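Please read the structure below before turning to the comments.
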Amino acid sequence: MRVRSWVAMGLLLCGGLVAACGDSTEASDTSGDDPLVVYSGREEEYVEELLDDFENDEGIDLEVRYGDSAELAATLLEEGDSTPADVFFSQDAGSLGAVSEDGLLGELDLETLERVDEQFRSPDGTWVGTSARVRVAAYNTDVLTSDELPDSINGFTDPGWKGRIGFPPGNSSFQASIAAMILLDGEDATRTFLEGLKANEPVTHFEDNEATTRAVADGEIDVGLVNHYYIYEVAREEGDIPVANHFFSGGDAGSLVNAAGIGVLEGTDQPEDAQALVEYLTGEPGQIYFPAELVEYPVVADYGTPEDLVPLDDIDEPDIDLSELGAMLAPAQQLLLEVGLL
Amino acid sequence: MASCDPALLDPVSRAAGLDPRPEDRRHALWIPGRSALRQRIPPALLAAAAAVGGLMLLPLAYLILRAGDADAGTWNLVLQPRTLGLAFRSAALAVCVTAASCAIGVPLAWLTARTDLPGRRAWTVVVALPLVIPSYIGAFALIGALGPHGMLQETLAGPFGVERLPDISGFPGALLALTLFTYPYVYLVVAAAIRGLDPSLEDASRVLGRSPWATFWSVTAPLLKPSIAAGGLLVALYTLHDFGAVSLMRYNVFTQAIYIQYRGAFDRTPAAILSLMLVGLAGIVLVLEQRARGRARYYRSGTGSKRPVTVVRLGRWRWPALALCCGIALLALVLPVGVISFYLVRGLVGGESLALSWSAAGGSIVVSTSAAVLAVVAALPVALLSARYPGRVSSVAERLSYSGYALPGLVVALAFVFFAANFTPMLYQSLPLVVIAYVVLFLPQAAEPIRGALLQLSPRVEEAGRALGKSRLRIFGSLVAPLIARGAIAGGGLVFLTAMKELPATLLLRPTGFETLAMRVWTGATAGLYSRAAAPALLLIVVCALPLYGLARRVEVREMQDVDVRAE
């Protein structure tokens with residue numbers, strides 16, 4: 008018995024070793040002599056294909072480390088000048104802003120910068136947006152029509168919405184919209200809004216936007232506060248779902264337009280290759296990929312609006328400098344905690 | 002026969018003649034504080050323990066470095082009444098989870114080791130299995146199944162028209178999730194200790210007319226006190242540093258405040274101060290554990306007789322006992338596996354391919370096995386020092402060994418990012434670094450069972466060896482090592498299982514392209530594709546279950562053969 012279990016354990020270990028070694032040799036095959044190191048806060052699932060295309064089209068090898076945007080930003084801050092990273096590709100502007108503030112990002116090529124809509128790049132030219140997303144209210148079309156929904160996110164404090172709304176309070180996109188509200192209306196007004204929302208007993212056990220959207224589709228809630236593309240994502244897994252996006256028209260934080268973006272590390276030893284990646288993502292390949300594959304908005308005006316989406320020009324979006332949003336994230340989380348929503 | 006703390010066995014033991022000198026109890030107790038202090042700690046042992054202690058100091062050094070940047074604004078931010086409130090919530094959760102884990106783990110250990118529980122052998126393995134389910138996956142499954150609009154509600158909606166179940170999130174949910182997936186620490190440590198007990202003590206009590214119940218409370222339980230305290234400590238510190246389960250259950254604790262600083266404010270200074278406070282909280286837990294453990298020492302003088310243990314007949318109590326086992330297995334094992342399988346099947350039906358990531362499984366196994374081996378090696382000097390040479394030096398080394406385990410994985414990972422990237426770039430983003438980080442994170446899980454085993458072995462055995470003129474190394478190799486093998490295997494096993502589930506340190510420190518199963522689960526879940534997260538999650542559970550099965554079986558076999566070392 009004892010011998011057998013040792014043999015079994017040995018076999019398991021050997022199998023593991025072989026598998027791991029096979030994996031690492033494979034990895035070293037694709038990496039040439041000195042690949043461009045990318046820290047990506049955007050999920051592998053969504054951007055791997057585009058980055059593969061870049062390698063093939065430009066002949067530049069990439070070494071991509073996937074992770075959570077905020078944790079990768081924290082990693083970059085700890086690594087400082089010793090970072091092996093050349094490029095930081097982030098899910099949100101906040102993480103890029105934090106790294107930029109520490110002086111770790113270099114200035115981007117002016118021509119590339121100016122191609123992108125002004126609202127989607129940092130004023131100091133250290134990072135640039137790659138695609139944009141809008142906050143919406145995803146609603147169940149079996150229960151509601153768009154005109155029954157409020158023009159402003161503040162409308163959800165009306166007692167008529169008691170028990171019908173849901174959102175993921177821990178999610179960074181949701182928190183960014185609260186941060187935007189603090190920037191626009193101040194902390195007191197935001198607290199009043201959150202208290203009103205809380206009084207309506209929202210459903211908040213969701214881990215992310217996706218789970219929230221699913222709950223709308225299942226009828227658990229009538230309205231979910233999410234990013235605009237989640238209804239397409241859930242539909243991909245579930246088939247047809249009775250959910251549609253409602254875009255707020257009040258010009259408030261409810262329709263915050265946020266961007267994923269990219270920056271080049273100051274200390275990179277491959278500035279040309281890094282710049283090539285930035286150009287690729289903000290140029291035609293990226294600007295066609297994001298709307299077509301991920302139903303996100305392009306950040307360069309020439310590429311229009313994906314089908315089914317309200318054009319950005321028609322959205323009465325709040326007037327916010329995205330690079331200031333990061334500083335309001337912690338106060339937003341603090342408020343959510345104090346009100347008891349987080 | 003055995004020598005033990007007579008106060009614990011009084012009066013039955015005295016009547017049974019177990020206490021060799023009832024008239025002078027102090028001498029029946031081997032008080033290590035006295036005799037060992039005169040023994041000098043071997044320099045090699047001291048050097049090894051110092052090396053381990055130095056490694057464990059790294060996260061603390063990092064935190065102190067970062068906290069040094071604090072200005073008045075930072076202190077204002079940190080020193081709020083809210084922070085104190087969070088500390089209180091963390092402490093309350095840790096106390097409740099520990100108490101609940103002991104309430105589940107200790108009876109299960111006793112039932113599976115000493116009674117005629119129906120299906121006892123199978124239960125030995127089954128009730129240990131929830132350990133392989135990461136608490137964040139467990140919490141996710143609990144919400145999916147028992148949440149206000151979960152699967153249970155859906156089932157009840159048809160026949161009973163239940164529209165909404167009470168919300169389990171908050172304190173009850175966090176307590177439930179953490180208890181269900183951490184009680185096996187108590188169960189495994191206590192079960193190992195029960196099997197190491199000399200059955201003659203319990204037999205004596207029963208022969209003298211005590212009921213099995215009274216015997217358990219007056220003889221078995223006191224003898225198990227050190228191992229219950231050790232298992233409880235592992236649970237309490239796990240609860241303090243956990244982030245995944247509490248954030249899913251939305252119960253705000255200390256780790257949440259730390260994460261907000263790192264991930265929301267990108268401000269490392271308040272995060273460092275808060276982390277140091279968490280270490281302080283863990284320090285209080287350590288002191289409490291030391292109190293609970295007491296100064297009692299209990300040793301078997303040898304391996305005792307080879308006769309099998311007397312099986313306690315449960316009689317009609319077997320049904321409640323069986324119900325307890327079934328209930329726990331249902332909530333902590335069947336339910337999460339069921340929920341994951343549901344997502345897997347739904348994905349497969351939806352055309353998702355069954356992506357069994359063997360390379361990720363291989364990666365998980367390699368780093369976790371290496372971490373288990375290295376953790377045992379690193380834990381040995383600490384455990385030896387603590388068990389054989391108690392004093393100031395050893396208690397400092399021991400407490401240091403807990404500092405990594407008390408911190409959230411992200412904090413330890415960032416400490417290693419800082420040191421490795423800036424001072425040892427060769428080591429940065431390499432597998433050895435991942436393994437070292439695991440050792441720092443999980444060392445106590447290896448050290449506790451080893452120390453437990455050492456404390457069951459009388460130092461007189463070693464003294465006898467020395468009296469016969471054998472060298473320390475020789476004594477260790479021929480006497481101590483075989484006897485503590487049980488503790489080392491248990492400890493290594495715990496580290497292996499916990500390392501398999503580790504996420505934050507793996508993500509930040511791994512070589513690019515290297516993958517583990519836990520990462521696969523995370524990748525799937527963050528992309529919102531639960532069906533894609535389900536396959537690696539199930540594979541993770543299976544890969545963990547196999548060695549756990551081996552571990553539990555081994556204990557069973559051991560029980561029959563017992564350790565064949567003639568020490569006398």
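Residue numbers (our numbering), protein chains in the order written: chain A, 8 to 349; chain B, 2 to 569.
Every residue, glycine too, gets a C-beta built ideally from N, C-alpha and C.
Since the model is a prediction, treat every value here as computed from it, not as a measurement.
Does any residue of chain B have a CB that is nearer than 7 Å to the CB of residue i?
i: glycine 74 of chain A; result: yes
i: glutamate 86 of chain A; result: yes
i: glutamate 70 of chain A; result: yes
i: glutamine 340 of chain A; result: yes
i: leucine 336 of chain A; result: yes
i: alanine 105 of chain A; result: yes
i: aspartate 65 of chain A; result: Residue identity check: residue 65 of chain A is glutamate in the sequence provided, not aspartate. No, its Cβ sits nowhere closer than 7 Å to a Cβ of chain B.
i: histidine 235 of chain A; result: no
What does a CB cutoff of less than 7 Å around residue i pick up in its chain, not counting 5 residues either side in sequence?
i: phenylalanine 590 of chain B; result: Limits of chain B in this structure are 2 at one end and 569 at the other, which puts residue 590 of chain B out of reach.
i: alanine 272 of chain B; result: Ile259, Gln262, Tyr263
i: leucine 315 of chain B; result: Thr116, Asp117, Leu118, Ala322
i: alanine 114 of chain B; result: Ala192, Ile195, Arg196
i: leucine 344 of chain A; result: none
i: tyrosine 239 of chain A; result: Val302
Within 10 angstroms of its Cβ, does residue i collect 16 or more other Cβ (buried), or is it exposed?
i: proline 294 of chain A; result: The amino acid at residue 294 of chain A is misidentified as proline; the sequence shows glutamine. When all chains shown are included, glutamine 294 of chain A counts as buried.
i: glycine 281 of chain B; result: exposed
i: tryptophan 218 of chain B; result: exposed
i: glutamate 70 of chain A; result: buried
i: valine 335 of chain B; result: exposed
i: alanine 175 of chain B; result: buried
i: alanine 388 of chain B; result: buried
i: proline 409 of chain B; result: buried
Which residue comes first and which comes last in the beta strand (DSSP E) that contains residue i?
i: glutamate 70 of chain A; result: 69–73
i: leucine 232 of chain A; result: 230–234
i: valine 250 of chain A; result: 250–253
i: phenylalanine 95 of chain A; result: 94–97
i: tryptophan 134 of chain A; result: 134–147
i: valine 208 of chain B; result: Run containing valine 208 of chain B: none in the beta strand (DSSP E); it sits in the alpha helix (DSSP H), 200–208.
i: valine 44 of chain A; result: 43–47
Would you kindly report the start and end of the unbroken alpha helix (DSSP H) that includes residue i?
i: isoleucine 269 of chain A; result: Here isoleucine 269 of chain A belongs to no alpha helix (DSSP H); instead the beta strand (DSSP E) covers 264–271.
i: tyrosine 53 of chain A; result: 51–65
i: proline 409 of chain B; result: Proline 409 of chain B -> no alpha helix (DSSP H), and no H or E assigned at all.
i: phenylalanine 343 of chain B; result: 336–350
i: threonine 91 of chain B; result: The sequence given here places serine at residue 91 of chain B; threonine does not occur at that position. Segment 82–115, the alpha helix (DSSP H) holding serine 91 of chain B.
i: isoleucine 65 of chain B; result: 44–68
i: valine 288 of chain B; result: 269–294
i: glutamate 279 of chain A; result: 278–289
For chain A, is any of its Cβ atoms less than 7 Å away from the one on residue i?
i: isoleucine 259 of chain B; result: no
i: asparagine 423 of chain B; result: yes
i: glycine 351 of chain B; result: yes
i: threonine 513 of chain B; result: yes
i: alanine 438 of chain B; result: no
i: valine 418 of chain B; result: yes
i: glycine 265 of chain B; result: yes
i: histidine 28 of chain B; result: Note that histidine 28 of chain B scores 38 on pLDDT, short of 50, meaning its location in the model is unreliable; the coordinates nonetheless yield the value given after this. No, histidine 28 of chain B lies away from the interface with chain A (no Cβ there is under 7 Å from its Cβ).
i: leucine 415 of chain B; result: yes
Suppose the cutoff is 6 Å on Cβ atoms and the five residues either side in sequence are ignored; what does the same chain contact list for residue i look like?
i: leucine 279 of chain B; result: Phe255
i: proline 318 of chain A; result: Thr312
i: glycine 54 of chain B; result: Ala398, Leu401
Candidates the options: which alpha carbon is nearest residue i's?
i: leucine 284 of chain A; options: A:Glu86, A:Asp93, A:Thr197; result: A:Asp93
i: glutamate 244 of chain A; options: A:Glu217, A:Thr275, A:Ala299, A:Gly231; result: A:Glu217
i: isoleucine 228 of chain A; options: A:Ala144, A:Ser159, A:Gly132; result: A:Ala144
i: leucine 571 of chain B; options: B:Val496, B:Phe417, B:Ile485; result: Nothing can be reported for residue 571 of chain B: it is not among the residues displayed for chain B, which extend from 2 to 569.
i: glutamate 331 of chain A; options: A:Leu43, A:Ser97, A:Ala105; result: A:Ala105
i: alanine 110 of chain B; options: B:Ser276, B:Gln430, B:Val190; result: B:Val190
i: threonine 527 of chain B; options: A:Glu52, A:Tyr46, A:Ser138, A:Asp68; result: A:Glu52
i: glutamate 303 of chain A; options: A:Gln282, A:Lys169, A:Arg142; result: A:Arg142
i: glutamine 182 of chain A; options: A:Asp215, A:Thr90, A:Thr289, A:Gly246; result: A:Asp215
i: valine 236 of chain B; options: B:Pro185, B:Asn423, B:Ile366; result: B:Pro185
i: threonine 216 of chain B; options: B:Ala45, B:Leu510, B:Asp204; result: B:Asp204
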